[in-house]
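> Dumping the structure here so I can ask a few things about it.
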Amino acid sequence: MENNVQTASTGGGFQPWMAVNDNKAGMEGLDKEKINRIILEASKGSKFYENELKKEQQVNQRIEKMMQQKELITVQQLRKAQLLVDKLVNDLECSRDLGRIIVHIDMDAFYAAVEMRDNLDLRDKPMAVGSMSMLSTSNYHARKFGVRAAMPGFIAKKLCPSLIIVPLNFDKYKAVSAEIREIFAEYDPNFSPVSLDEAYLDITDHLEQRCCWPESRRTYYLEKEITSTEHTSDLQLSGNTDGTISPVLFEDSPPPSLNTAPEQKHIVFGISAEEAVREMRFRIEQKTSLTASAGIAPNTMLAKVCSDKNKPNGQYKIPNNQQAVMDFIKDLPIRKVPGIGKVTEKMLKALGITTCSELRQQGALLSLLFSETSWHHFLQISLGLGSTHLERDGERKSMSTERTFSEISDPEEQYSLCRELCSDLAKDLKKEGLRGRTVTLKLKNVNFALKTKASTLSYAVSTEDEIFALAKDLLKTEIDNSSPQPLRLRLMGVRISGFQSQEDKKQQQKSILGFLHTDKQDIPFTSQGHMFSTQGTKASCSFFNRKKAELMLNDQKQNPQEHQTCNVGDRDVHLINGSNGLLNCMLTCPVCLMKQNTSDLKTFNEHIDKCLSSVSEDQEDTNDKTQKASNLPICDDKNEIKIFCESDINESVHCNSSNVMSTSCHNVKDKMTRIVMGNTEEESTAEESSPLIHNSVGYSRSCSKESTTQSNVTDLCEMIQHKQDYKQKSSSLLTRMHLLCPVCNLKQETSDLDVFNRHVDVCLNEGVLKELVKERPCSSDAVSLLDRKTTAAHLDVNSRNKSKRSASPPLQHAAKKPKHNKNENTIYRFFR
DNA sequence: GCGGATCAC
DNA sequence: TATGGTGATCCGC
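Residue numbering for the first sequence follows UniProt numbering, beginning at 1 and increasing consecutively.
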């Protein structure tokens with residue numbers, strides 16, 4: 001690896017770009033020459049390789065440019081820069097926080113280790129997890145051959161013909177991940193997961209308490225753990241009788257974490273950080289038969305580097321003092337630092353920087369060649385500084401879905417594919433109740449050239465149709481630009497970003513609340529103060545209009561025929577203009593969910609008020625918590641809920657013409673009861689909730705009626721939420737709830753009613769769609785384009801999810817897999 | 001805001 | 001035969 005930029009760009013026989021790096025644990029002391037030759041031979045001439053060369057040249061150009069810039073730097077500039085750097089170093093040093101003890105813990109060759117644990121035949125053989133197209137990870141036997149993560153299986157096979165490739169089994173990894181996270185939580189309830197197999201913990205508080213613990217609390221018994229764990233008992237039966245607890249997964253692995261005599265039945269851990277971490281690793285090993293490595297340091301950056309130091313099955317600690325930190329940092333190769341990747345390494349190397357102390361020495365130069373954020377970051381690294389505060393579940397910034405397939409050049413197929421991706425994305429968005437303003441289309445052509453196209457709206461979108469409307473335009477532009485040559489694609493992806501922040505949501509809620517509680521004189525209410533007017537504050541208008549737009553879209557999609565004869569816009573006019581449009585309608589009360597034998601809005605409102613009042617009284621009168629379940633609207637007489645505005649009335653208007661509504665409503669009400677109380681009713685089966693979707697006679701003919709139900713549920717929930725917010729009850733009540741979707745019957749990992757509402761909305765629509773499809777003859781062999789085009793290998797490659805939302809921990813990949821539901825795809829295609 | 005790049009896992 | 005998917009961030013327009 002001694003080649004510099006210049007020689008690399010000449011493209012001599014040896015290509016460092018494609019070559020193995022020995023950064024990864026278990027890759028030391030390999031026959032790199034040979035490995036690189038094999039990799040090169042297997043890659044040379046491929047489109048992929050050509051593209052890698054191109055990218056490499058771009059980096060080289062970047063470096064050349066940087067070097068030219070460097071030549072222009074004067075001594076004075078450098079001196080001035082040095083002063084600036086010195087000042088920053090001083091400031092940074094002053095702010096150095098050595099008060100926390102951060103642990104980074106990382107399972108050893110996680111996926112491979114799980115597979116080896118569960119299949120004894122794999123133990124002593126080189127193996128990897130993934131497919132012929134892509135490997136996720138390899139065991140340490142395989143690493144000796146140069147087989148590593150992110151390497152295509154077919155190349156790995158060339159390096160190691162006896163390599164066994166095991167397909168990914170995410171469910172299993174997720175299960176193990178849940179087990180280890182239980183342990184993490186005992187040491188730091190606020191631990192920060194990085195991926196299925198990795199997490200940061202701040203054990204400072206744990207250690208404070210730990211020092212007072214009696215020995216008994218730090219004592220762990222072997223047999224108890226082993227017998228209570230299925231995995232380990234399997235191994236015991238399988239002849240693992242060498243006195244170690246877990247299988248020796250790696251032959252170069254240090255002795256097992258238990259350094260007591262085999263006959264000893266318990267082990268007492270000390271009170272130090274190292275002992276606590278050893279204990280944690282011991283417990284992980286006892287529980288899962290898998291080993292973990294850990295780093296202990298004053299901040300996350302150092303902890304992360306440390307966990308790699310004694311991998312596998314080891315740990316390393318940097319004491320919490322400045323000197324120890326600087327000693328550790330001194331000769332640390334910059335590439336070991338998280339955030340410094342291949343390219344940055346190469347650029348810095350061109351400046352003669354390979355270690356962290358060199359990074360420090362060249363601070364002035366770096367400040368003149370890199371952006372402020374970059375050189376600040378470099379400087380922090382060089383001082384061994386990093387985050388001392390673990391980020392709690394940050395807000396998601398984007399969500400995307402993308403797929404690789406064998407070449408698709410036909411525009412029709414490309415559009416079709418694009419829609420499928422939008423559909424998938426919309427489903428994922430629903431799950432989290434998100435809406436975004438920016439849609440980005442990602443395309444990779446058969447030459448591996450990547451391109452993204454984005455479009456931003458002034459409002460947020462979330463449905464398949466909305467997203468597709470944007471994505472298809474972006475795609476069209478690309479197709480047109482390419483014409484008459486076809487776009488030859490190997491990958492397509494759709495991303496959505498520009499979500500409402502929590503802050504935005506609060507703002508919105510406030511404005512809605514303001515809308516609901518504004519002085520009557522300011523709002524064109526009816527004489528009773530009910531919001532039958534279409535007017536209102538700006539924010540609330542857009543909110544409800546969007547809601548209506550969504551419903552219109554659903555209407556069109558779900559029942560175009562009905563839509564033709566009964567136009568939503570027309571109905572709007574009737575409503576706005578007065579009671580004409582209501583003459584032949586009956587209204588359904590959103591509280592008692594009973595049809596009201598009136599078309600007079602005034603009467604109807606009075607009924608609602610009565611309903612609300614009565615349930616409020618109930619709520620106050622009773623101490624019986626189960627009774628409270630029926631108290632849907634949380635309000636009092638003084639704060640009448642007057643939430644019925646235009647869109648609601650529209651929906652209510654639909655629902656009088658058949659008895660579908662009442663059937664559905666009762667179900668909804670039942671479910672709502674549970675939602676509000678947080679009664680998860682685990683025993684509630686799919687059958688129990690299915691009537692909501694399947695049981696209604698004529699359901700498929702009355703799609704808009706389903707919208708009614710949906711709207712009522714949604715608005716009731718919103719009503720409740722807003723009321724609760726208003727009464728400042730939300731945090732005390734809502735956050736403890738387990739929300740169970742009444743439609744899909746799945747527990748939703750959110751306590752945010754807004755999020756939950758959106759999920760329910762979506763679920764309800766899906767029910768209608770499915771029902772509709774059942775009714776309509778639809779080619780059963782209308783298989784998804786992606787299913788046809790995507791190879792199994794492509795589907796099963798590594799994809800560790802890095803969701804920042806701890807409410808739905810990084811398990812999303814697996815959750816995303818069922819996306820390839822052919823029925824669902826055909827449903828959406830049907831409506832195209 | 002857009003598009004390309006880099007990085008992590 | 002065959003080189004991934006998801007999310008974040010940064011930089012230079």
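Even glycine gets a Cβ: it sits at the ideal position worked out from N, Cα and C.
Over what stretch of residues does the beta strand (DSSP E) that includes G295 continue unbroken?
292-297
> Only counting the same chain, and skipping five residues up and downstream in sequence, which positions put a Cβ closer than 6 Å to that of P486?
S409
> Compute the Euclidean distance between the alpha carbons of S371 and R62, then round it to the nearest angstrom.
14 Å
> Which class does A807 belong to by DSSP, given the choice of helix, strand or coil?
Legend: pLDDT at A807 = 25, less than 50; position of this residue unreliable, value from coordinates given subsequently. Of the three classes helix, strand and coil, the one that applies to A807 here is coil, per DSSP.
> Find out if the Cβ-Cβ distance for the pair K456, G493 is shorter than 8 Å.
Note that residue 456 is Thr in the sequence shown, not Lys. Taking 8 Å as the Cβ cut-off, T456 and G493 do not qualify as a contacting pair.
> Is the region 455-469 touching the region 381-398, taking contact as three or more C-beta pairs under 8 Å?
no
> For the candidate residues C306, V176, A276, whose alpha-carbon lies nearest to that of R217?
A276
> Would you kindly check if the distance between the Cβ of Y415 and the Cβ of K453 is under 8 Å?
The answer is no: Cβ separation not under 8 Å.
> Tell me, which residues are paired with V277 by DSSP?
According to DSSP, V277 bridges with nothing at all.
> Please list the segments of the beta strand (DSSP E) lying wholly inside the region 88-164, counting only runs of 3 or more residues, in order along the chain.
List check, beta strand (DSSP E) in window: 102-107, 127-130, 135-138.
> CB residue 834 to CB I318, shorter than 8 Å?
The shown model of the chain, from 1 to 832, leaves out residue 834, and the question about it has no answer.
> Apart from the five residues on each side of it in sequence, which residues of its chain come closer than 6 Å, Cβ to Cβ, to Q315?
V277, A294
> Looking at the unbroken beta strand (DSSP E) that takes in I39, where does it start and where does it end?
Run containing I39: none in the beta strand (DSSP E); it sits in the alpha helix (DSSP H), 32-43.
> For the region 467-500, which segments carrying the beta strand (DSSP E) assignment without a break, of at least 3 residues, lie completely within its bounds, in sequence order?
489-499
> Checking the sheet assignment: what are the DSSP bridge partners for S192?
Y200
> How should N119 be labelled, buried or exposed, when 16 other C-beta atoms within 10 angstroms of its C-beta is the threshold for buried?
exposed
> Whole angstroms are fine: how far does the CA of R488 sit from the CA of Q380?
Cα to Cα, Q380 sits roughly 44 Å from R488.
> How about A292: is its Cβ closer than 7 Å to a heavy atom in the ligand PLP?
No copy of the ligand PLP occurs in the structure displayed, which carries no ligand at all.
> When DSSP labels each residue in this structure, what does I267 get in the three-state scheme?
strand
> Using a Cβ-Cβ cutoff of less than 6 Å, which residues in the same chain neighbour R495 once the five nearest sequence positions on both sides are dropped?
Excluding its 5 nearest sequence neighbours in each direction, R495 has C-beta neighbours in its own chain below 6 Å: S398, S400, T440, listed in chain order.
> Check each candidate in K54, L417, K431 and name the one with the smallest Cα separation from L475.
L417
> Which of helix, strand or coil does DSSP assign to K54?
helix
> Ignore the nearest five residues each way along the sequence and tell me which others in L78's own chain have a CB closer than 6 Å to its CB.
Cβ neighbours of L78 beyond the five flanking positions: A364.
> At the level of alpha carbons, what is the spacing between M18 and E391?
35 Å
> Using beta-carbon positions only, say whether I35 and I101 come within less than 8 Å of one another.
no
> Residues in its own chain within less than 8 Å of D308 by CB, not counting five upstream and five downstream?
A25, D106, S293, G295, K336
> In terms of residues, what are the limits of the beta strand (DSSP E) holding V446?
V446 -> no beta strand (DSSP E), and no H or E assigned at all.
> Which residue comes first and which comes last in the beta strand (DSSP E) that contains E407?
Boundaries of the beta strand (DSSP E) harbouring E407: 398-408, taken from the DSSP string.
> Grouping DSSP H, G and I as helix and E and B as strand, with all else coil, what is S216?
helix
> How do the region 193-211 and the region 161-179 stand: do at least 3 beta-carbon pairs fall below 8 Å, yes or no?
yes
> Does the region 161-175 come close enough to the region 57-74 to have 3 or more Cβ pairs within less than 8 Å?
no
> Going by C-alpha distance, which of E274, F48, R435, I340 is nearest C356?
Closest by alpha carbon: I340.
> Find the nearest neighbour of A42 within the set D205, E33, I155, L72, judged by alpha-carbon distance.
I155
> Under the rule that 16 or more other beta-carbon atoms within 10 Å means buried, what is T300, buried or exposed?
The residue is buried, with at least 16 neighbouring Cβ atoms inside 10 Å.
> Please identify the residue among Q500, K65, N139, N447 whose C-alpha is closest to the C-alpha of G433.
Checking every option, the nearest Cα to that of G433 belongs to Q500.
> The alpha helix (DSSP H) spanning T344 covers which residue range?
342-350
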